[in-house]
Each structure stands twice: as C-alpha cells, then as structure tokens.
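Chains as they are written, first to last, in the working numbering: chain A, 1 to 752; chain B, 1 to 286.
Please read the structure below before turning to the comments.
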Ligand SMILES: Cc1cc2nc3c(=O)[nH]c(=O)nc-3n(C[C@H](O)[C@H](O)[C@H](O)COP(=O)(O)OP(=O)(O)OC[C@H]3O[C@@H](n4cnc5c(N)ncnc54)[C@H](O)[C@@H]3O)c2cc1C
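As structure tokens, then:
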C-alpha cells in the first residue's frame, strides 16, 4: 500500500516540544567528528596547486622535480582524471572545475595535486611543480562580461534560449523567460512607474568548517570516502562517474558538518583525493585551507538587475518586469533562471515578465547558497516595491497586502498556489509591536518579503526497534540544522514513545538506499515523511505480533498511544502491549521488528517570510548598526520550534552580513584580494541584535503533519529589508549591495 | 624550526644575533602564529621572550611608565594609574582583536609587526612614547615613531629586541583619546585610526598637542599641522574644523579592500574631531 501523505489535523505529544538535540553535547565538548577528524593508518597528506591567474592557457605541467622530493607518493594533474563524462556537459564542468584541463579559468583553479607523507614534503613538492601558463585576458564583472568586446571564456558557448540562435560565441550561456499577461498593456494602465537598476556583489556561504575528506582506493576496485558533505549519495555518484569507479563499490560516509548552506552540495577536492589515493595506493587526507575555500569552492552569483513596476494610485500593481544577470563562474549555471522565477513570486500580478541571463566570468564556479538566487532578486524587487510605496504615499505593508499572492493565484513562475503564507506573514507584520515602535535619531525602518520553493525528492529511511524497545532511526539526509532531533520527535510521535527512546543516525551509502542531498530545505520535510511512513510500517508489524501473542485475528488489533490494543468485547480484558513489551518478545513472535520506507517526497510546500529591520546610521562615517530585527515566517508545522527559530535567525544573520559588508573583492589582475575572514567580513556576534522570530503555521496539504521546509527562506528578505531600512534612514535609495560604510558615505555626500 | 625560551635579554639577543636564517621574537604570538600558517612563511628560530624577568611588569616611576614587552594588552586596563594617566593608549590597546586576543597580544608586538593599521601605535606616537631596545651591543632608546619604516618593516637591527615601552610622566590637565573606524564592532582591522593627546592650561586653552593618524599611509604619521590647528584654542568649532581639515589633508590612503581614498580621507577628519573632544574632556576641559 502506498503511503498517504495528505495532511490530517491532529493533536501532538512530541512534535512541537523543544528537547535537546542528540548531537549537541558532542559538538560543544569537541567530541563530534567533522571532516578532518577521521584518520586511517598510513594516510598521506594532500595539497593542491592552484592557478595564480584569472584566465590562462596551460601549455604544459612538469612534475618531475616535485616527484623527486623525498616523501612524495603521488602527483596528479588533469591527465590522471581522464574525461569519462561522455558528453554530459554538467559532469564535464565538475571535472574541469576539480582539475583544470586546457585552461585555468579563475584565480585558485586547481592545476595539480600532491600526496606526500607529511605536510612539509607536500608543500615542497608544490613549489617544484612547473606550470607553463599563457596568460589570457580575463573578465570578472557580470556586466563587463556581457559586453561585445569582453574576452570570451569559452568559444563553444552560444547563448541558448534566443531566437534566432546567435552566430558568434559569448559569455551569456542562456536566456530564460517567465511570466504571463501583457506587461506593455499593464504599464500603460499605471499611474506611477518606478524603475531602477541594482547590483549585488559575490558572497560566500562562510561555513566555518572547510572542506575535508579522507579517501581510500583499494586494489580490488572498492573505495571509501569519509567526507564533510550535504549529500553523501550525490558525492558517491559524482566521484564514481568522474573516476570510473563502480558506484556500488564506493562507500561514502558523511561526517558531522560544520555548515554547508549549499556549498557542500558539490564535489570540489574529493575526486582529486580519490585520484591521489588510487595513484599512491594509500589513504589520502585532503583539507582545504580557508584561503582555498574562498578562492576555489562555490560562492554565490554577483548580479545586475533592472526592475520596473507600475501601479495605479490605489496601490494595485498593473505590471511588473525584471531583467536579471547572474554570474555563474566559468561554467554554465541556472542561477539567473532561479532569480527570474522567484523575483515576483510574492505577488498576485496580471502582467509580469522576468528575463534571466546566465553569465560566465573568471571567478570560481557558483554553487547554491541558501535559497540560491532568490535573495538578490528579492533585494531588487522589494526595494522597488518600497520605492513605489513612498511614491504613492501608501504604507509599505499595506501596499504589499493589497498585491499579495493567495490560494489560487497564478504565480509569476507558472504554477497556481495552494494555501500559502505570504498574506498571513504580512498581517502578522502589520500587527507586530516592532512595526509601530518609535525610531531614534538617524534610524530607519525597512521591511521586505521573501519566497522560496522548497524541494522534496528521493528519500529512504529505516526504523529499527531494538530488543529493549528503543528505536534506531537511520536516515540518509545529512543533518545540517537539527534534523536528527526533529526526526526523533516524529518517530516518537508516531510510535507513542518518549523522544529519549529514539536515536537517529545518518547512515552511510552502503547501509541505506539512495537519498537526495540535504538541499532545498528538504531534510526535515522529506525525511519526516519517510519516518512517518517507516513508523507506520513498524506499527503494522507490531500489530501482527500482538495478534500472534494474543492469538486473535489481526483485524481485532489496533494501535493507539504507543500500544497495541485488542478490539471488541470478546478480547476486552487483555492489557494493551507496549512497544517495549512487544520488542522483548520479538524473538518468539517472528524476529526483529523494523519499518522501512522509500518514497519520493512530492508536494514540498512553498514558503514565505516577512522581515522587519531597524538600522541606525552614523551620517558622518557611514557606519551602520542593526538595532532591531524581526523574522516572521510560515513553517507549515514547527516540529522542533527552537530549531525552526534557529533557522530563521541564522538566515537573517547571513543575510545581514551579505547586505552590509560581505563581498568578493578582485584586483585589476583578476586575483581575489580578500580570501580570509579578516577582510571578508561576516558579522561577528556583537554586530547583531537578538533576532526576534515569529512562527506561523499554515499547514502544507501534502505532508501528514503539514510540515514545510524552513531552512532557506529566512535569507531571502534581509538584503531588501536592510536596504530599505538604510535608504529610509539616510533618505537616499541604496541600490548596490553590500551597503558598506564607504557606499553609504558616498551616497550621503551625493557621490553614490 | 627551533623554539627557545631564554631567561635573560642577553641570551635572547645572542640567540637572534647568531641565527643565520630568519628568526623571530615571539611575544603574544597573535600576529606571528597566524603568519606561520602561511605556505611561504619560513623561519629557523623562534625566541619566546615571555620568560625573561621583568618583561611582564608595568612599573611606574618619576619619569612615567615602563611597560614590559611581554605585558598582555588586557593587563593595561587593570593598572589604575596607567588608565588614569594614559586612557587613550589603554583604550587603543584594548581595541585589538577581542577579549581572547587581548589576553595574549602585546603593545610591543603590535609595534614590531609594523602594520600601518596597528591600533596602539597612533596612541603611542601621540603620547610621544619611546622604546628601550636591547641588542647584541647593549641597550638603546628610540622614539616609537622611528620604529616602523614601512608595512611589515622596522628599524630594528638584527638581534635587537624591544625590552619595554616608555610612556612619559603626565602633566596635570592632560588627556588623550584614540578612535578607529572598522565596519564591524570587533575582530576587524582599522580602516582609519586617529589619536589626539593634549594638555590644557587653567583656562581650558590647549597648550600642547600631538595628533597621529593610522591606516592612511604606509606608516603611522604625526600630523603637526593638526596639532597646530588646536594649540592656543579652547577647541571651538573653528579649531575642530581646522583640525579635521588638517587630518584629511595629511591622509595619503589607498583604495583597497578595506576602504576607498575618499572614505578614509573624510573619516580621518571626522574621527580627529571626535577624538579631540574626548581628549579635551579627559583633560578637564569644558
Ligand atoms: C583575531 C585577531 C584580531 C586582531 N585584531 C587586531 C586589531 O584590532 N588591531 C590591531 O592593531 N591588531 C590586531 N591584530 C594583530 C595582533 O593581535 C596585534 O598586532 C598584536 O598587538 C601583536 O602582539 P603580539 O604580542 O601577539 O605579537 P607577536 O605575534 O608575538 O609578534 C608580532 C611581530 O613582532 C615581533 N615582535 C614581538 N615582540 C617583539 C619585541 N619585543 N621586540 C622585537 N620584535 C618583537 C615578532 O617577531 C613578530 O614579527 C589581531 C590579530 C588577530 C589574530
């Protein structure tokens, strides 16, 4: 029988409580094992040689002197990673990014790697590898890369999505368009039109744990990889494909993860570590330094966005359009497309059109970053909506309420919405005390909305009932934010047992069926669905065991409050059997008790949030300080409210950093100037106020408990909320993120 | 690489003088240990000076204060007499890094690291501080401003170690203040730093002043024109305007990842004005 995921209202015992997470003590006492905390006997140290050039042809690599260094066991270049991608362009991009082939495409691009018995030998060998580069002209700015005279990164790229197809190559890989209605007709009906261009700079997820792995290739074709990742099944597939290994022979174990936020959905150095191990015949440990993480993992796009919105005097929007240009690094991406899909998703619009252009630049390959592409689009659109409110003289919340999408609205990217939370979050903002609190001198308030799709995907879960009646839950989605606690609560809820009697573990790729990675806010959404299903399967088994024990027909057994009950008057005086009792007798009633589930978690509910922010600006120095911040977001159902609040606060904190100070700074030579936390400024604790949160619960109709993904949406509104707050504080529209002190001061002095 | 922890200055200087490959003094290590992580860092010898007698002491005498080279910055704020006499120097030292960093880092290390953005150095220069230097050929003294010669470079000769930082005796009715601009609240590096040190007469007129700027040139600079702009005034608006203008004019910053020329030039003036007002109040001016 297939699993029925439809929402059913019920009262909860475990779900909605706030117990401590099972991984917490290990993490705060230093016992938890992260990527770099695993070791194997005889393991070698790997180091990667990286291009100092933004764009250069590799004419040759001479490793002979490096190979002669005592202690060096293997050196690999692209020659050791032959192209097995068979015309799969996405896979080829991953391969080329892991190890440059014909050309180095950015400062930091790997060109060779060494495995040696110690760090010293590895470092010495790196210095002796001779790379013959022919330096080529480069381009790092997204707008500059679209100019006709820009250096073309890849001569085989002809923009797709344009009719007729272009006849010459360019850095624009694709054009994507979304929308409906007739925007020209809509703008003609408008009383007021606001139109402005915006820019955002490239940022990094800034996870505290750098990429790290231990790889071991055996002579029999089997291999092991211990790695910090958001998706060990996906890493297994990628590594196996790139190295020509059999997927089933590569076993990948995910370590604890010190942050990923999308940056660990992608292989970077893991195939290189495996190639080194294969060549050296020994285990290899590879840890990227912070500098390498900045230069050669996957930051977000830099963007350039034009927005136009028209409205009648009463505030009803008649048309909206946006052109979005997103950099994707040296390989094609679909980042602008996501931006184009999400930009107007909060609104109910008759006429809307968005166009996204994917642009190649000599910067690292872009990877997902928490609700990828949505924050920049929201920054541009929500800034324009704020400006429209000012122009019309309508309150910023009221204007949004008037135009908000609701159940039945045809979204700007196509689908028709079910029950959604944008309206309720706006109403909550309107009545929130923050909205009416007085502002101090030099302070400004801003608010903004945000949307994210969320994702479901392939999921597989095992629930084993141990002999003592406790439960081990094996899941395949890496726990990036407390999902082991949430999933334990769900198992406890279904089985009617205590949270402490459930232990959730993340199983490796050899012990559980395939799972998509933890992205798209799917960890708790999809694995909870599979956990509910697995628990219900285990309950079926337990009912059978009870029927056997009592020697009564199965139809006469039902499950309630964590016990098997005998139904009807004829079995009336049988005491119910608890999970513990059934487990204790399992050996005599048919063996171990378990529930299994495999499913595709369709129906992830879309997610909306509204943020409010107060900022104080020093008008003489451009220094700014966030003095109050409130997040209101629909969770569908908050399984573990503290960790939902943590997600809201974390996304807001990252968004605040992005909005105010974080940016990749490139020199004229195309080299990254700030690959470290001193000059790549993520917020420190004292930079942030307590971030207040308000959880709304508008059930997702496609999940038994109504759960929606909550992890990503919280980073979507902050860029715009901050920009609106600063703009309102200084009286000048801030259209370039980060809104750093020099930019604020320049705007105040009229040089913005 | 060799690590040595000598007990006397003579031994320390001799070890450094005898080294024939790069050798480094280790004080708090908050710069040095970070640099050692770099792939291109090379050293054969590290000489830890924290075990040398007297290096961890702050001594007050008729001539002023002697701050041993191994005194962590956190200890400065615990010396009430020092805080009363040189609040600007202490506040500068206590802006370095964070609480944890201040538990290790030293003012002498901040000076010898020779970063143009070092926080304590403008305050020391404005205070007219000197250093006592021990070397293979004995001991000498130098003005703080003469130690850094460019980013990462000092005038110290091979084998020379700063033994102590010397702050002069304080006149009555004197005060100093240091302000820096950073985009965050802590754990950051100065984009502009300004220190003002001044003395007042009984009527509240500035009789002497020293103004120093950090992070707006290759080394910390003493701006005479800025001092002259306030000497003889009671820090009225015109004097403050002249001070700000002199500081902006003296700034020769660069555009880089930390700030623009326009930004640094303007903020140098803004901070000078604010620091001067604080120093004036601390000196008893009204
Ligand atoms: C997280 C962090 C934040 C920081 N924030 C700031 C900041 O806000 N402002 C700031 O100015 N700095 C900052 N720094 C830099 C550093 O903390 C300071 O420069 C500190 O004062 C250095 O002192 P130290 O004793 O740790 O020096 P060390 O690292 O021990 O030495 C620094 C250099 O000086 C030499 N040296 C040290 N003592 C002597 C001596 N007595 N004689 C001769 N040479 C000597 C060493 O050989 C070395 O080259 C920060 C550093 C970190 C890691």
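We put the beta carbon where it would ideally sit given N, CA and C, even for glycine.
Report the rounded CA-to-CA distance for residue i versus residue j, giving the unit in angstroms.
i	j	result
residue 269 (chain B)	residue 621 (chain A)	10 Å
residue 185 (chain B)	residue 751 (chain A)	26 Å
residue 487 (chain A)	residue 531 (chain A)	7 Å
residue 1 (chain A)	residue 332 (chain A)	Caution applies to residue 1 (chain A), whose pLDDT of 41 falls short of 50 and renders its modelled position unreliable; the model cannot decide the point.
residue 121 (chain A)	residue 25 (chain A)	37 Å
residue 426 (chain A)	residue 314 (chain A)	18 Å
residue 365 (chain A)	residue 524 (chain A)	28 Å
residue 286 (chain B)	residue 262 (chain B)	33 Å
residue 755 (chain A)	residue 307 (chain A)	No information on residue 755 (chain A) is available, as it lies outside the stretch 1 to 752 that chain A covers here.
residue 491 (chain A)	residue 86 (chain A)	43 Å
residue 545 (chain A)	residue 502 (chain A)	21 Å
residue 647 (chain A)	residue 112 (chain A)	38 Å
residue 216 (chain A)	residue 93 (chain B)	49 Å
residue 143 (chain A)	residue 304 (chain A)	7 Å
Return no unless some Cβ of chain A is closer than 7 Å to the Cβ of residue i.
i	result
residue 186 (chain B)	yes
residue 168 (chain B)	no
residue 194 (chain B)	no
residue 287 (chain B)	The structure shown has nothing for residue 287 (chain B), since chain B only spans 1 to 286.
residue 325 (chain B)	The structure shown has nothing for residue 325 (chain B), since chain B only spans 1 to 286.
For residue i, report the span of its alpha helix (DSSP H) as first-last.
i	result
residue 647 (chain A)	641 to 660
residue 730 (chain A)	718 to 730
residue 48 (chain B)	Per DSSP, residue 48 (chain B) belongs to no alpha helix (DSSP H); it is in the beta strand (DSSP E), 45 to 48.
residue 58 (chain B)	From DSSP, residue 58 (chain B) is part of no alpha helix (DSSP H) but of the beta strand (DSSP E) over 58 to 61.
residue 358 (chain B)	With chain B covering 1 to 286 only, the question about residue 358 (chain B) has no answer from this structure.
residue 427 (chain A)	422 to 431
residue 99 (chain B)	99 to 102
residue 693 (chain A)	Careful: residue 693 (chain A) lies outside any alpha helix (DSSP H), inside the beta strand (DSSP E) at 691 to 696.
What does DSSP give as the partner residues of residue i in its beta bridges?
i	result
residue 248 (chain A)	Partner(s): none; residue 248 (chain A) has no beta bridge.
residue 237 (chain A)	According to DSSP, residue 237 (chain A) bridges with nothing at all.
residue 217 (chain A)	A:223
residue 613 (chain A)	A:446 and A:629
residue 177 (chain A)	A:355
residue 503 (chain A)	A:472
residue 199 (chain A)	A:304 and A:736
residue 607 (chain A)	A:452
residue 754 (chain A)	Because chain A in this structure spans residues 1 to 752, residue 754 (chain A) falls outside the shown range and cannot be described.
residue 597 (chain A)	A:461
For a contact meaning CB atoms closer than 9 Å, what does residue i contact in chain E?
i	result
residue 259 (chain B)	Absent from the structure: chain E. Protein chains present are A and B.
Can you find a C-beta in chain B that's less than 7 Å from the C-beta of residue i?
i	result
residue 684 (chain A)	yes
residue 621 (chain A)	yes
Could you check where the beta strand (DSSP E) with residue i kicks off and where it finishes?
i	result
residue 59 (chain A)	56 to 62
residue 268 (chain A)	That residue, residue 268 (chain A), is in no beta strand (DSSP E); it is neither H nor E in DSSP.
residue 748 (chain A)	Per DSSP, residue 748 (chain A) belongs to no beta strand (DSSP E); it is in the alpha helix (DSSP H), 741 to 748.
May I ask you to check if the CB of residue i is nearer than 6 Å to at least one heavy atom of ligand 3?
i	result
residue 685 (chain A)	Looking for ligand 3 in the displayed structure turns up nothing; the ligands present are ligand 1.
Return the residues of the segment 123 to 149 of chain A that lie within a Cβ-Cβ distance of less than 9 Å from chain B, sorted by chain order. 123, 126 and 127
Report the residues of the segment 284 to 318 of chain A with a CB closer than 7 Å to any CB of chain B, ordered along the chain. none
Using a Cβ-Cβ cut-off of less than 8 Å, give me the residues of the segment 733 to 750 of chain A that come near chain B, in sequence order. 740, 741, 742, 745, 746 and 749
Report the residues of the segment 652 to 681 of chain A with a CB closer than 7 Å to any CB of chain B, ordered along the chain. 661, 665, 673, 674, 678, 679 and 681
Residues within the segment 247 to 272 of chain B neighbouring chain A, beta-carbon criterion of under 8 Å: 256, 257, 258, 259, 260, 262, 263, 266, 267, 270 and 271
Within 9 Å of chain A by C-beta, residues of the segment 96 to 111 of chain B in sequence order: 98
In chain order, what residues of the segment 687 to 699 of chain A put their CB closer than 8 Å to some CB of chain B? 687
At a CB distance below 8 Å, what residues from the segment 173 to 184 of chain B approach chain A? Give them in sequence order. 181, 183 and 184
At a CB distance below 8 Å, what residues from the segment 43 to 77 of chain B approach chain A? Give them in sequence order. none
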